[in-house]
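Protein sequence lines correspond, in order, to chains A and B.
For what it's worth, full-length UniProt numbering labels the leading residue of the first sequence as 1, then goes sequentially.
For what it's worth, full-length UniProt numbering labels the leading residue of the second sequence as 1, then goes sequentially.
There are 2 protein chains.
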Amino acid sequence: MLKVIAQDFIKPEHIATVAPLYRELVERTRQEPLCISYALYVDEKDPGHFVFIEEWPDRAALDAHCSTEHFRRLVPLIDQYQRAPGTYLLMDAFR
Amino acid sequence: MLKVIAQDFIKPEHIATVAPLYRELVERTRQEPLCISYALYVDEKDPGHFVFIEEWPDRAALDAHCSTEHFRRLVPLIDQYQRAPGTYLLMDAFR
Numbered sequence: 001m002l003k004v005i006a007q008d009f010i011k012p013e014h015i016a017t018v019a020p021l022y023r024e025l026v027e028r029t030r031q032e033p034l035c036i037s038y039a040l041y042v043d044e045k046d047p048g049h050f051v052f053i054e055e056w057p058d059r060a061a062l063d064a065h066c067s068t069e070h071f072r073r074l075v076p077l078i079d080q081y082q083r084a085p086g087t088y089l090l091m092d093a094f095r
Numbered sequence: 001m002l003k004v005i006a007q008d009f010i011k012p013e014h015i016a017t018v019a020p021l022y023r024e025l026v027e028r029t030r031q032e033p034l035c036i037s038y039a040l041y042v043d044e045k046d047p048g049h050f051v052f053i054e055e056w057p058d059r060a061a062l063d064a065h066c067s068t069e070h071f072r073r074l075v076p077l078i079d080q081y082q083r084a085p086g087t088y089l090l091m092d093a094f095r
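What follows is the structure, given as structure tokens:
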């Protein structure tokens, strides 16, 4: 199991622009056969700070996600409106 | 619904010390009646970087969690072994 937190920082004037792109990304990703969970959240203190919490069976499944048509099309469109580079964190379950 | 990411940074020589404290904190928190989900993860690149992903019905439920006996007893014990201050992020679901 691989848990992922991916964070995006969007310019305030472009939050409405990216919203439908995020919506499509979430919908299409959830249809990927290897996707266990994929949800998007917004920082209560910063409406341009978007946080994905994801779960994949393994690194290969995450890599496959990053190679899908929807990821390769939508992520660069979203990234045009960043105010700072995105971050991501790959984690294992604590045992 | 309130989603929370809480991150702790533990000194490498104390990871084994905090492990049973984290285990007890997770077990007891999951028994709280208002806890929707509460899971602990470890950064793949940093074994002292612990990440809680939590879900609560609302802020009052999170505040109640922070007032429990187990939270007030275990968190200060864990925090003794921090190498940097913990962080937390409160989020709403994206719609």
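A virtual CB, placed ideally from N, CA and C, is assigned to each residue, including glycine.
Predicted model, so just to flag it, every value in this text is computed and none were measured.
Legend entry - For Tyr81 (chain B), the residue or residues it bridges with in DSSP: In the DSSP output, where bridge partners are listed per residue, Tyr81 (chain B) has none listed.
Inset, instruction - Starting from Asp63 (chain B), trace the alpha helix (DSSP H) both ways and give me its first and last residue. - result: Note, Asp63 (chain B): alpha helix (DSSP H), 59-66.
Inset, instruction - Would you tell me roughly how many angstroms separate the C-alpha atoms of Tyr22 (chain A) and Val51 (chain A), rounded to the nearest one? - result: Rounded to the nearest whole angstrom, the C-alpha separation of Tyr22 (chain A) and Val51 (chain A) is 11 Å.
Legend entry - Whether Tyr38 (chain A) touches Glu54 (chain A) by CB criterion (7 Å): Yes, the pair counts as a contact, with Cβ atoms nearer than the cut-off.
Inset, instruction - For Glu44 (chain A), go through chain B and note every residue whose CB falls closer than 7 Å to its CB, in chain order. - result: Leu90, Met91, Asp92
Legend entry - In DSSP terms, what His49 (chain B) is bridged to: B:Phe9
Legend entry - Residue interval of the alpha helix (DSSP H) (run including Leu25 (chain A)): 15-30
Inset, instruction - Taking Lys3 (chain B) as the query, report the chain A residues whose CB atoms sit under 7 Å from its CB, ordered along the chain. - result: Taking a Cβ-Cβ threshold of 7 Å, the residues of chain A close to Lys3 (chain B) are Tyr41, in chain order.
Legend entry - Where Leu90 (chain B) falls: helix, strand or coil (DSSP): Note: Leu90 (chain B) maps to strand in three-state DSSP.
Legend entry - Spatial neighbours of Arg59 (chain B) in its chain, beta-carbon cut-off 8 Å, leaving aside the 5 residues before and after: Leu2, Leu90
Inset, instruction - Return the CA-CA distance between Cys66 (chain B) and Ala93 (chain B), expressed in angstroms with no decimal places. - result: 22 Å
Inset, instruction - Leaving aside the five residues before and after Val26 (chain B) along the sequence, list all residues of the same chain whose C-beta is less than 8 Å from its C-beta, in chain order. - result: So the qualifying residues of the chain are Tyr38, Ala39, Leu40.
Legend entry - Residues near Arg30 (chain A) in its chain [Cβ-Cβ closer than 7 Å; skip 5 each side]: Counting only Cβ-Cβ distances below 7 Å, and skipping sequence neighbours, we find Tyr38.
Inset, instruction - Figure out for me which residue from A:Lys45, A:His70, A:Leu62 has the closest Cα to the Cα of Ala6 (chain A). - result: A:Leu62
Legend entry - DSSP beta-bridge partners of Val42 (chain A): DSSP, once it has assigned bridges, lists A:Phe50, B:Asp92 as partnering Val42 (chain A).
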